[in-house]
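This report refers to the structure that appears directly beneath it.
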Amino acid sequence: MFHRFIVPVLVCLMLGCGKSSTSKKSDNPSVHPQILNLGNGAEPEGLDPHVVTGVPEHNVLVALIEGLVGEDPKDLHPVPGVAERWENSEDGLVWTFHLRSNARWSTGDTVTAQDFVLSYKRMLSPKLASQYAYMLHVVKNAKEFNAGKIKDFSRVGFEAVDEHTLKITLAGPTPYFLSLLNHYSWFPVHIPTVKKYGPVDSPNNPWTRPGNFVGNGPFVLDKWEVNDVIVVKKSPTYWDKAKVSLKEINFKPISSAEVEERAFRSGQIHVSNTIPLNKIDVYRKKNPQDLRLDPYLGVYFYRLNVTEPPLDNKKVRQALGLAIDRESLVRNVLRGADKPTTFFTPPDTGGYTYNGGPKISFDPDRASRLLAEAGYPQGKGFPKLKLLYNTSEAHQRIAEAIQQMWQNNLKVQIELTNEEWKVYLNTQQKMEYQVSRAGWIGDYNDPNTFLDMWLTGGGNNYTGFANEKFDQLIASASQESDSQKRFSLFGKAEEILLDEMPIIPIYHYTSKYLASPKVKGWHPTILNHHPYKHVSIKPGD
Amino acid sequence: MWKLIFFRLLKAIPVLLVIATITFFMLRLTPGGPFDREKPIKDPEIKKQLEAHYGLDKPLSAQYLEFLGKLMVGDLGPSFKHSNRTVNEVIVKAFPVSAELGLWSLLVALGLGLTAGMIASIRPNSFLDYTPMTLAMVGICVPTFVMGPILILVFSLKLEWFNASGWDQWADRVLPALTLGGVYAAYVARLTRGGMLEVMSQDYIRTARAKGASEARVLLKHGLRGGLMPVVAFLGPAVAGLISGSFVVETIFQIPGLGRHFVEAAFNRDYTMVMGTVLFFAALIILLNLLVDIIQVWLNPRLRGT
Amino acid sequence: MSEMNAQNSSSLWRDAWIRLSRNRMAVVGGAVLLTLGLLSLCAPWISPYRYETQNLELGATGPQLTWDTQQLVYGTCTQQRAQVLAAGYEGEIDVLPADSTELHRTIEGQDYGRTLWVASAPGNTNLMAMVITSEGFDPLEEIPERANFILLKSRGHLLGTDELGRDLFTRILYGGRISLMVGLCATAVSLTIGVLFGAVAGFFGGRVDDLMMRFVDILYALPFTIFVILLTVIFDRNIWNLFLAIGAVEWLTMSRIVRGQVLSLRKQEFVEAAIALGIPQWRIVLRHIIPNCLGPVIVYTTLTIPVVMLLEAFLSFLGLGVQPPMSSWGLLIRDGSKVLEEFPWLMLFPGMVLALTLFSLNFLGDGLRDALDVRVSKD
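Chains as they are written, first to last, in our numbering: chain A, 73 to 613; chain B, 24 to 329; chain C, 3 to 381.
Following this line, the structure appears as C-alpha cells:
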C-alpha cells in the first residue's frame with residue numbers, strides 16, 4: 073500500500089521538478105517591477121546599528137542608514153557616502169571628513185557632523201554595552217571611554233569642526249580604517265528620535281519600530297512583522313534618490329535552506345540567502361544562470377586543544393592536518409562549492425594572500441610518519457579523540473568524512489560528538505574539547521581580523537595556543553603603515569600559526585546562493601555586500 | 024458543574040506556579056546564555072553591563088522573585104532575542120496565527136479522522152475497515168516534515184495551485200492545515216475505530232439494538248457517545264499542541280506563528296520568551312484538559328459526581 | 003481460592019495465546035517484526051559493508067540491482083593505493099581498453115550511477131580520477147590521448163548509497179537496532195507508567211485523581227527542548243538517557259486515555275460488585291480495570307512506537323542518543339526528507355521499513371486485543 077501510494081507521487085515529483093524549475097512563474101503577484109524580495113536567513117534581532125551583531129541585521133540596516141562612506145557595488149572600495157570627500161594627515165592619524173550639505177534624515181533634518189559625534193558617543197557609552205564597540209577602538213581614547221576609564225567624551229578623538237566637517241583622530245596608523253566605516257557599528261543614528269522613545273543608552277529602546285525609525289539611507293522602514301517580513305520603501309529624503317531604482321525591498325527571514333530554495337523556485341524571492349548543498353548540482357545542470365558561488369571572507373577550520381595530550385604534541389597536530397584530503401572533501405561533500413585551503417586567511421583579504429612556508433596539503437605518508445615520530449606508530453597507543461561540532465547536517469557530513477580520513481590514514485580512533493549550538497559554544501569557550509569545528513567570518517576586509525584572534529589569551533583563541541614571536545609580529549604589524557611591510561609581518565605570523573597548528577584550516581567559504589538573472593547590479597563581492605541603491609530589476613520580464 | 028470549573032481554575036494557579044518555578048531553574052541550569060555568540064563579547068565589562076541591564080547580575084533568587092512579581096501583573100518582560108519587543112507583544116501577535124492554523128487542522132483531523140474511524144468500525148475486518156485504516160497508518164508513518172515538502176512539491180511547484188510559503192492569503196492555509204491535520208486525523212481514526220468497537224460489544228448497545236433502534240441511530244447516538252471517550256482524552260493535549268503551533272509546519276510553510284517562538288526561544292536561551300511561551304502553553308493545556316473532563320462527563324452521564 | 007485463581011488465570015493466558023496464534027494477520031505481523039529484529043542483530047553477517055564505510059567519490063547512488071558492479075572508491079591516488087583500496091572494498095583492479103572511445107563503448111548501455119574510474123597514462127604512476135555518469139564522462143583533470151583505464155570491481159549497493167557513499171541497506175540494518183530498541187523499550191516504559199498511573203488515578207478518583215492529573219499537567223507543560231539539553235549536559239550520551247527522555251513525555255497522553263476509560267469502568271456494575279465483595283483494590287485494578295481498557299491502550303501503544311522512533315531523531319539532533327556515523331531509521335528518514343527530489347531512495351527505503359514495522363505492529367496489536375478481550379471469550 074505504501075508502495076502504491078507513495079511511489080507514484082515521488083515519480084511524478086521527480087519528473088515534475090525538472091519542468092517547473094525551468095519555467096518559472098513570471099505572473100506571480102508578489103513579483104512586481106522594482107520590488108525586490110530577498111531571503112534573509114534569520115529574523116533580525118533588532119535594527120539598532122549600535123546594538124545588533126549579525127548578518128541579517130546588516131542586510132536590512134544598509135538599506136536604512138548610510139555611513140560616512142559607501143561601498144562600490146563591484147569591489148566594495150569606499151566611495152562617497154554622507155561624506156563627499158575626505159583626507160588623511162601625513163602620519164595617517166587624523167582623518168577629516170567633509171559631509172555633503174544635502175544629506176537628510178528621513179525626518180527632513182540635515183545630517184550633521186554633530187550627529188556622528190553623538191552617535192559615536194552613544195556607541196561607546198559603557199551602559200549601552202554594545203558588542204561591536206571594539207570596532208571603534210582604533211580611535212584615540214575610544215577604548216578607555218568605552219571601559220569607563222575616561223568620562224569626558226571630548227577627550228575621545230571625535231570632533232565636529234563645523235556642521236559639515238568631522239575630524240577623527242586615531243590611536244595608531246590603521247591602513248584599513250576606511251573599510252571599517254562600512255560596518256554598521258560606524259553608522260549614525262538620529263539621537264533626538266532615540267531619546268524620544270527611551271533612554272539613549274538602552275539596548276532595547278523601541279525607536280527602531282516601524283513608525284518610529286529614523287534613518288538617512290536610501291530606504292525607510294515601512295513594516296516589520298516578526299518571522300514574516302520586513303518591508304522598506306524608497307526614501308523621499310535621500311540625497312541620491314535619483315540613483316535608487318528599487319521602490320521596495322521585502323526581507324523574508326526564511327531560516328531553512330530547503331524552504332528558501334522552494335520559495336525561490338516558485339518565484340517568491342529573487343535572491344536567496346543560501347542553498348542546500350544537494351541542490352548545487354541540480355542548479356549547475358539545469359539552471360546555472362541562477363546559481364551564485366562567490367568567494368567570501370570566511371574560513372572553516374578545526375580548533376585543537378593544545379593544552380592536553382595528545383594534542384599538546386606539535387607532530388600529532390601536524391599529522392592530523394596532513395591526513396585530511398581537502399580536495400576530495402570539498403568536491404564530494406561540499407559539492408565543489410567552497411575552496412579547499414591549507415592556510416588560514418582567505419586569499420586577497422584586503423590585498424593580502426599567504427604564500428609562506430609549510431604547506432599542509434594532503435600527504436598521508438608524511439602524516440603517519442609524523443604520528444610515528446610522536447610515539448604512535450600506526451596509531452598504536454593513541455587515545456580515542458573526540459571531535460566536537462554543533463548540530464547541523466553539513467558539519468556532521470564533514471566531521472564524518474574527516475573521521476574516516478583520520479581513521480584510514482592514521483589508524484586512530486575518532487569519536488564524534490554533536491552539541492546544540494549554545495552548549496557547543498560553552499564547551500568550546502571552556503576548552504572542554506579536544507578537536508572542535510569552527511568558522512570565522514572577517515569583520516572587515518583586512519588580515520588583522522583573521523590573525524589577531526590567535527594572540528596569547530586572545531578573546532577568540534580557545535585553543536591554548538600561545539606564541540611570543542607570533543604576538544610580537546602581530547603587534548608590530550599594527551604599528552606599520554606601509555602595507556607591503558605589514559603584509560610580510562602578517563605572513564610570518566601566519567607561518568608560525570600553520571607550523572604550530574593549533575588549528576587545521578579546511579576550506580575558505582563561498583557565498584552560495586540563488587539569484588534571479590532579472591536582478592541587476594547584484595555583483596559578487598567578498599563580503600557578500602550588495603549596496604541596494606545600485607540594484608534594480610530588469611523590467612518587462 | 025460551575026463549581027467544578029471554578030475550583031479547577033483555582034487549582035490551576037498552584038500548577039502554573041510550579042511550572043514557572045521548575046522552568047525558571049531548569050533554564051538557568053542549562054549552559055549558554057542569551058548573549059553567547061560565535062563571536063563572544065570580548066570585553067568582560069561590556070558583558071557585565073549588558074547583564075546588569077537585563078537584571079541577570081542579581082542573585083538567582085532575586086531574579087526569580089522579580090520574575091514572579093512581574094508575572095502577577097501579567098508582565099512577561101522584554102524578549103532577549105527580539106530586542107525591541109516584549110514577550111507579551113510577541114505572543115499576542117503570533118498566537119492568533121497558530122490558533123487559526125490549529126483550528127483548520129483540527130477541522131481536517133476531526134473531519135477525516137472521525138469519518139474514517141466510524142466507517143471502519145461498521146464492518147470490522149472488511150474492505151471498509153482496511154482501506155481507511157491503511158490510509159491512517161500511512162498518515163502516521165509519514166511525518167509532517169515529509170508530508171509538507173511533498174505537498175509543496177506537488178501542489179505548489181508542479182501544479183502551481185498554491186504558494187510555496189507564506190501566510191498572506193486564504194489559499195495559504197490549505198497545505199499547512201492538511202499537513203498538520205493529516206497526522207492527527209490518522210490518530211483520531213485509529214482511536215475512534217478502537218473506541219467504537221469496544222463500545223459496540225457492550226451490553227447497552229445490544230439492548231438498544233434489541234429494542235429495535237435503527238443501526239444508524241445505534242451507531243451515532245449510543246456508539247459515538249461511548250466510543251469517543253479515548254478520542255476526547257487524546258484531543259485535550261492534542262488541541263493544545265495544535266493551536267499553540269507546530270514548529271515543523273510553521274518552518275516548512277514559513278508561517279509567523281507561536282510554534283517557532285516556542286522552540287527558537289529555547290535554542291536562543293531567550294529566558295523571558297521561554298517562560299512566556301511555556302506558561303501560555305501550560306494555561307492552554309490546563310484549560311483544554313478541563314474542557315475534556317467536562318466533555319467526558321457529558322458523554323458519559325455515569326461519571327457525574329466524581 | 004488462590005490456587006483456583008492461579009489455575010484460572012494461567013488458562014486464560016493460554017486461551018489468549020491460542021486465539022492469537024489462530025489470527026493469521028497477527029502471526030504474520032509478529033513474524034515480520036521478529037525478522038526485522040533478527041536482521042538488525044545479524045547485520046554484520048548479512049551485509050558486506052560496514053555502516054560507516056564511506057566512498058566519497060561514489061557519493062549518492064541509486065539502487066543497483068546487480069550484486070557485482072564496477073566502481074571506484076577513491077580520488078587521485080597512486081596505483082599501489084588503488085590496490086589497497088580495492089582490497090578494502092573487496093574489489094579488484096581490471097585494466098580497461100586503452101583509448102577513450104573504446105571506454106565509451108564499454109560503459110554505453112550500462113548504468114553505473116555516478117561512478118569514478120581511474121586512468122593511468124603510460125610511464126605515469128599517478129592515477130587520475132574522472133567521473134562517469136550515464137550521460138558520458140568528463141575527466142576531472144587532463145587525460146592524455148591514450149591511456150590505460152583501470153576499473154575497480156566491487157560489490158553493488160542494493161538500496162543505493164547516501165551522500166557520503168555509504169551503503170543504505172547496511173545503514174538501515176544497523177539503524178534498526180537503535181530504532182527497534184528505542185521503539186520497544188521507550189514504549190514499554192511509557193506503557194507501564196502511563197497505564198498504572200492512569201488506572202490508579204481513575205480508580206481512586208476524587209482528590210487522588212486530582213493531584214495525579216495536575217502532576218501530568220505540569221509535565222505536559224515543561225519545555226521538552228530545555229529538558230533534553232539539560233540531560234545532555236548532566237549525563238553522558240547513551241541510549242538509556244534516550245529512553246529516559248522519551249519515556250518521560252510519552253506516558254502522559256497514555257495515562258490520560260487510561261484514566262478516562264477507568265473513570266467510566268469504575269461506575270460499571272461488575273466493578274461495583276467486586277468492591278462490594280471486598281476484593282482488594284489493587285487486585286480489582288489489575289484484574290478487572292486494566293484488562294477492560296486494553297483496547298484503546300493497545301491502539302495507542304501501536305501509535306506511539308513510530309512517534310517514538312521519529313522523536314529519537316530529534317533527540318539525536320540535540321546531542322542525546324545516537325552518535326554518528328551510527329544511524330537510526332528516524333535519522334535516515336529525517337536526512338532523506340531533505341533530499342526528496344535529488345535522491346528519493348534515501349527517504350523511500352527507510353520510510354518503507356518504518357511503515358512495514360508499523361503495519362506489523364498494528365496487526366499484532368489488533369490480534370492481541372482480540373485475544374485478550376474477555377468479553378469475546380464470554381460469547
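No residue lacks a Cβ here, since even glycine has one placed at the ideal position from N, Cα and C. Please read all numbers here as calculations on a predicted model, not as lab measurements.
Range of the contiguous alpha helix (DSSP H) that encloses residue i
{"i": "A/Asn-350", "result": "349-358"}
{"i": "A/Trp-478", "result": "465-482"}
{"i": "C/Thr-189", "result": "170-206"}
{"i": "A/His-130", "result": "127-136"}
{"i": "B/Arg-248", "result": "247-250"}
is_contact[residue i, chain A] using C-beta, thresh 7 Å
{"i": "B/His-245", "result": "no"}
{"i": "B/Thr-274", "result": "yes"}
{"i": "B/Glu-89", "result": "no"}
CB contact below 7 Å: residue i versus chain B
{"i": "C/Leu-360", "result": "yes"}
{"i": "C/Gly-262", "result": "yes"}
{"i": "A/Tyr-256", "result": "no"}
{"i": "A/Leu-497", "result": "yes"}
{"i": "C/Leu-342", "result": "yes"}
{"i": "C/Pro-225", "result": "yes"}
DSSP state of residue i mapped onto helix, strand, coil
{"i": "A/Trp-663", "result": "There is simply no residue 663 of chain A to check, as chain A begins at 73 and stops at 613 in what is shown."}
{"i": "A/Gly-111", "result": "strand"}
{"i": "B/Arg-213", "result": "helix"}
{"i": "C/Ser-379", "result": "Its pLDDT being 37, under 50, C/Ser-379 is placed unreliably in this model, and the value from its coordinates should be taken loosely. Residue state, collapsed to three classes: helix."}
{"i": "A/Asn-299", "result": "coil"}
{"i": "A/Trp-167", "result": "strand"}
{"i": "A/Ile-432", "result": "coil"}
{"i": "C/Ile-259", "result": "helix"}
{"i": "A/Pro-589", "result": "coil"}
{"i": "A/Asn-404", "result": "helix"}
{"i": "A/Ala-409", "result": "coil"}
{"i": "C/Leu-74", "result": "No answer about C/Leu-74 holds up, because its pLDDT of 43 lies below 50 and its placement is not dependable."}
Exposure of residue i, with buried meaning 16 or more beta-carbon neighbours within 10 Å
{"i": "C/Asn-240", "result": "exposed"}
{"i": "C/Leu-213", "result": "exposed"}
{"i": "B/Thr-215", "result": "buried"}
{"i": "B/Asn-107", "result": "buried"}
{"i": "B/Leu-27", "result": "exposed"}
{"i": "A/Lys-584", "result": "buried"}
{"i": "A/Gln-468", "result": "buried"}
{"i": "A/Phe-149", "result": "Position check: residue 149 of chain A holds His in this sequence, whereas Phe was assumed. A/His-149 should be labelled exposed."}
Where the beta strand (DSSP E) containing residue i begins and where it ends
{"i": "A/Gly-563", "result": "Here A/Gly-563 belongs to no beta strand (DSSP E); instead the alpha helix (DSSP H) covers 555-572."}
{"i": "B/Ser-267", "result": "It is not in any beta strand (DSSP E) - B/Ser-267 carries neither H nor E in the DSSP assignment."}
{"i": "A/Asn-490", "result": "486-491"}
{"i": "A/Asn-462", "result": "457-462"}
{"i": "A/Asn-600", "result": "Unbroken run through A/Asn-600: none, as it is neither H nor E."}
{"i": "A/Glu-143", "result": "141-143"}
{"i": "A/Pro-150", "result": "150-152"}
Within-7 Å CB hit, residue i to chain C
{"i": "B/Val-320", "result": "no"}
Minimum Cβ-Cβ distance from residue i to chain E less than 7 Å
{"i": "C/Ser-330", "result": "Chain labels in this structure do not include chain E; the protein chains are A, B and C."}
Tell me whether the region 332-339 of chain C and the region 196-208 of chain B touch, counting them as touching only if at least three CB pairs, one residue from each stretch, are closer than 8 Å. no
Inspect the CB distances between the region 496-516 of chain A and the region 351-358 of chain C and report whether three or more fall short of 8 Å. no
Examine the Cβ distances between the region 582-597 of chain A and the region 180-187 of chain C and report whether three or more of them are shorter than 8 Å. no
Taking 8 Å as the cut-off, does the region 236-255 of chain C touch the region 286-295 of chain C (at least 3 CB pairs, one atom from each stretch)? no
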